[in-house]
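Each residue of the sequence shown is one higher than the one before, starting from 4 at the first, in our numbering.
For reference, the structure discussed in these notes is given below.
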Amino acid sequence: MDAQQRPRQLPKVKFRVLIIGRANAGKTSILQRVCETTESPVIYRRTGWKKEQIQLDPSVERGEHRIEDEIVFSNNDGYIFHDSRGFESGGDKELGIVQNFVRQKSGEKRLADRLHAIWYCIPMDNQRPLLDLRHFRDICPDQNVPVIGVFTKYDQFKKNVEMDLEDHGDCPDLGLVEKRFDEHYLRPLGDGARFVRLEKMHKPDGCCKNLIEETAGALNDDVVTLMLVAVQRGNLELSIAVAVKSACPNFVFETEDMKDIVEKCLTPFPYIWTVKAHTSFFKIFVDSVCSSFFRNLWVTYIMSMKVIQQFFSANTRCHLMIATLIILRHATILRPSGFSAKSALAQAELDYQKLNISIKITQHFTASPQEYSVQNFVDFIQGVSFGQLLHYQNNI
């Protein structure tokens, strides 16, 4: 460890989300699970250039709530949420307010002020789903902000369908549950719509993993994708998944330069390749020339590692990707402990060698890369425990 190297500070990144849905759609629970907290959020209101914290009484008239209000959780202020309160009334006026907000925020000059994603919540305890679904395609007329359909209370929907089947003398069948979901909920969204199904969001152990991954997959801007990765902080699984999805398509014809694969792996790990703790993440990342320069320096360094060079000589792109991501994951874990990026990578390589992970990779992945799913790669990489050699050997 570099004794004088100060622990790395988190970049000041802001990822802005508009969450839409009627009251009791489970919106607050979703935001709490995303930010991994049970605390209530803080609400800020801007007046000109001034931003101040406000208190909103849940019992006051809906007009007190504004879509422009910024909702922030103190334990993860990288997320800024906006709530389309009043949208459940479904009138043209309410829809117009949301559309104007989306158009305004998507056109902001500063990246931090822009709207990056929309989560459209559809509670599945409603017997008239079309009322909640009818404006899904209308929210973002310019189609420049990804809209994710978020089906909440899916566990309740399954119970309702199963009870309905039993009432009619039929046995509960997951196939029939899926068929009813397709007919009444998914089909109205239209072809190509992105969606997730969430269960048990009211419980502290509720998980929004698939919502974050679906959001990352919907983003068509590499910079914005990296902003989401950054605000997720300790979510290394997301970084790995983004890297794998970026690199895997190039295995089909094996046309991708080996160096490009290393760069695709490195990009979703900004805590390694950004310059210094106090350097503005936005200035580095928005400046494509600057960001490419520093990423290339780290790509060259990673390529110089002996454990990486062996895959270059063997020309095995799939194994190269896996080895690179295992090292990057471990190095990122080491960074907050006082390691510089270089020393963290060096230590990760040493630990990798001690575990003889290269052999494990070649033994485990023997088929064509196309035979494995993204999750297969992610699970393997996440399963490597550098601190517990026996655990690792027993589980691979």
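Every residue gets a Cβ at the ideal spot worked out from N, C-alpha and C, and that includes glycine.
Nothing here was measured: the structure is a model prediction, and the numbers come from that model.
Residue environment, residue i, which counts as buried when at least 16 other CB atoms sit within 10 Å
i	result
Gln235	buried
Ser361	buried
Glu374	exposed
Ile70	buried
Gly24	buried
Thr413	Outside the shown range of the chain, which is 4 to 399, sits residue 413, and nothing can be said about it.
Leu214	buried
Thr50	exposed
Gly66	Because Gly66 carries a pLDDT of 45, less than 50, the predicted location of this residue cannot be relied on, and the following value inherits that uncertainty. It counts as exposed.
Pro144	exposed
Lys96	exposed
Residue span of the alpha helix (DSSP H) that contains residue i, given as start and end
i	result
Leu328	320-337
Cys268	261-269
Tyr355	344-358
Gln378	377-385
Arg36	30-37
Asn103	95-109
Asn213	212-221
Met308	Neither: Met308 is in no alpha helix (DSSP H) and is coded neither H nor E.
Lys248	239-250
Tyr274	273-276
Pro132	132-136
Thr369	Careful: Thr369 lies outside any alpha helix (DSSP H) and carries neither H nor E.
Thr228	225-234
Residues near residue i by beta carbon distance below 7 Å, same chain, minus five either side
i	result
Lys267	Ala246, Ser249, Ala250
Val292	Its pLDDT being 46, under 50, Val292 is placed unreliably by the model, and the measurement read from it follows with that caveat. Cβ neighbours of Val292 beyond the five flanking positions: none.
Val16	Gly81, Met230, Ala233, Val234, Phe284
Lys309	none
Ile329	Tyr355, Ile360, Ile384, Val387
Leu98	His138, Asp141
Phe84	Val20, Ile22, Leu34, Ile74
Leu331	Cys268, Leu269, Phe272, Ile275
Tyr157	Met127, Arg200, Leu201, Glu202
According to DSSP, residues forming a beta bridge with residue i
i	result
Leu120	Position check: residue 120 holds Ala in this sequence, whereas Leu was assumed. According to DSSP, which records beta bridges pairwise, Ala120 is partnered with Val20.
Tyr47	Gln56, Glu73
Arg197	Ile151
His85	Leu21
Pro126	Thr155
Asn79	Phe76
Whole-angstrom C-beta distance between residue j and residue i, which should lie under 8 Å
i	j	result
Ala28	Pro126	4 Å
Asp128	Gln102	Not quite, the Cβ-Cβ distance comes to about 27 Å (not below 8 Å), so this is no contact.
Cβ shell of residue i (< 8 Å), same chain only, five flanking positions each side left out
i	result
Pro61	Low confidence applies to Pro61: its pLDDT is 47, below 50, so where it sits in the model is not reliable enough to give any reading.
Glu64	At Glu64 the pLDDT is 39, less than 50, meaning the model places this residue with poor confidence; the figure from the coordinates comes in the next sentence. Within the same chain, Glu64 has no close Cβ partners at all.
Own chain partners of residue i with C-beta closer than 6 Å, once the 5 adjacent residues on each side are dropped
i	result
Ala344	Ile275
Tyr47	Lys54, Gln56, Glu73
Asn163	none
Phe380	Val247
His187	Pro132
Any C-beta of chain D under 8 Å from that of residue i
i	result
Leu323	Absence of chain D from the displayed structure is noted, only one protein chain being present.
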